[in-house]
Amino acid sequence: MKHNETLKNEVTEAIMLEPLLDTAHIEVSANEGIVTLSGTVDSYVKKRAAEHVAGMIPGVHAVEEKIKVKFGADEIKTDEALASDILKALAFSPDIIKDSISVLVEDGWVTLEGKVKWIAQKEEAERAVHHLPGVRMITNNISIRSESEDDVEKATIENALLRNWAIDDQEIEVSVLDNQVTLMGKVHSIYQRNTAERIAWNAPGVCNVYNKLKIEYADCSSEHSY
């Protein structure tokens, strides 16, 4: 496992090299593979970007994100105005059925709820609103309700995992019960863990995915899983 200071420096450097974050004030600490981000940024997009950058660094097992979003005086919006902007953004997204999603805004904290057919629609709903001025945080509670009556094919998910360049050599075990998929085994990064889950969600008929994959740094001499 990487030394705490080494991991901290690598994450800090990666954040500094990210163009979107060049003016952000983000502090980094590391403890046994767990990276904590704190500080302030001026948009939710930058908050998520910092978390993504940190999660891509080899040796990072988890990211504890404590970054606060602080707006300038001219960027502060009422919850009602922000909710209106969000509904308009959702209406303009061709992949989303607007009436299937409800929006709650409280002090800039956006909660999305409802049901969609595909994980891509859930992700698109968040992408449609995460850049809007006034958004401090997003909780995406949209659930997936597949309309496919087909049984989930275990082999379909396994083959899709093998075809993906990022995780084709990882030890991932797939189990299927009814329309629920469970992923178990080991991967080397948060990115691989999230990618495997997304692949499972994309299989026809899936209504739930339990991601039990553990992250094990490839170069560690002793096992450290989270």
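Each residue of the sequence shown is one higher than the one before, counting from 1 in full-length UniProt numbering.
The C-beta atom is built at its ideal place from N, Cα and C for all residues, glycine as well.
Fair warning: this is a prediction, and the values are worked out from it, not measured in the lab.
Local Cβ density within 10 Å of residue i, reported as buried at 16 or more and exposed below that
i    : result
G72  : exposed
I97  : exposed
H25  : exposed
T156 : buried
E10  : buried
T12  : buried
Residues near residue i in its chain [Cβ-Cβ closer than 8 Å; skip 5 each side]
i    : result
L7   : A30, G33, V35, I57, G59 and V60
I144 : K115, V116, K117, W118, I119, K122, W201, V206, C207 and N208
E106 : D79
From the options, residue whose alpha carbon lies closest to that of residue i
i    : options                   : result
P94  : A83, E64, A125 and D74    : A125
R163 : I190, T195 and P133       : T195
S84  : V187, S189 and P133       : P133
V176 : P204, S189, Q192 and K186 : P204
I167 : E153, V181 and V187       : V187
I86  : D74, E173, V53 and R127   : R127
Contacts around residue i, its chain only, beta-carbon distance under 6 Å, and the 5 residues preceding and following it disregarded
i    : result
N211 : L183 and E197
T139 : T111
S222 : In this prediction, S222 scores a pLDDT of 42, lower than 50, which makes its location untrustworthy; the coordinate-derived value is nonetheless stated afterwards. Taken in chain order, the list of residues that qualify is empty.
S225 : Any reading at S225 needs caution, since the residue's pLDDT is 48, under 50, leaving its predicted position unreliable; the model's value is listed next. Here the set comprises K214 and E216.
E75  : P133
Cβ-Cβ separation, residue j to residue i (assumed contact under 8 Å), whole Å
i    : j   : result
G114 : L82 : Not confirmed; about 18 Å, so no contact.
I67  : K47 : 5 Å
L37  : V63 : 7 Å
V129 : L90 : 7 Å
L17  : A49 : No, L17 and A49 are not in contact; Cβ-Cβ is about 12 Å, not under 8 Å.
Counting only runs that start and end within the UniProt domain "BON" (3–71), where is the beta strand (DSSP E) found for 3 or more residues in a row?
DSSP runs (the beta strand (DSSP E)) wholly in the UniProt domain "BON" (3–71): 25–31, 34–41 and 62–69.
Quick check on the DSSP output: what are the complete beta strand (DSSP E) runs of length 3 or more inside the UniProt domain "BON" (78–146), in order along the chain?
Segments of the beta strand (DSSP E) lying fully in the UniProt domain "BON" (78–146): 101–106, 109–116 and 137–140.
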